[in-house]
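Residue numbers (this note's numbering): 68 to 174.
Written out as structure tokens, the structure reads:
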């Protein structure tokens, strides 16, 4: 499958653009359990239950706190699509990074 890469200038543009394409769930990471969570549905997904469809990285020009990655994530088994927003650089969480690193194997 060929994925068309979109160009977004800000995190909010990426989130809004992905939402318009059906990525409407706001995923959270649960690093201690190696799970991706949809709190609205009380759904927990392990890494083998979803795919990372797209990744958008935003670097803060003046503030290291603005360094973010937006992941477009889908699970065919659970019929769900959503986004995960994660900081990187100075404010990144090493537990979160380790989970995301394992998830990249699905790309």
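Backbone N, C-alpha and C define an ideal beta-carbon position, used for all residues, glycine too.
Since the model is a prediction, treat every value here as computed from it, not as a measurement.
Q) What is the DSSP secondary structure of residue 154, counted as helix, strand or coil? A) strand
| query | With respect to the beta strand (DSSP E) encompassing residue 250, which residues constitute its N-terminal and C-terminal limits? | reply | Since the first residue of the chain shown is 68 and the last is 174, residue 250 is not available in this structure.
Beta-carbon contacts of residue 85 that lie in its chain and below 6 angstroms, excluding the five residues immediately before and after: 139, 150
**Request:** Below 7 angstroms CB to CB, which residues in the same chain sit around residue 108 once its five sequence neighbours on both sides are set aside?
**Result:** none
Kindly indicate which three-state DSSP category residue 113 falls into: helix, strand or coil?
coil
- Could you pull the start and end residues of the beta strand (DSSP E) that residue 95 belongs to? 95-97
### Message
Tell me the rounded alpha-carbon separation between residue 96 and residue 152.
### Response
9 angstroms
When you compare only the Cα positions, how much space is there between residue 123 and residue 146?
22 angstroms
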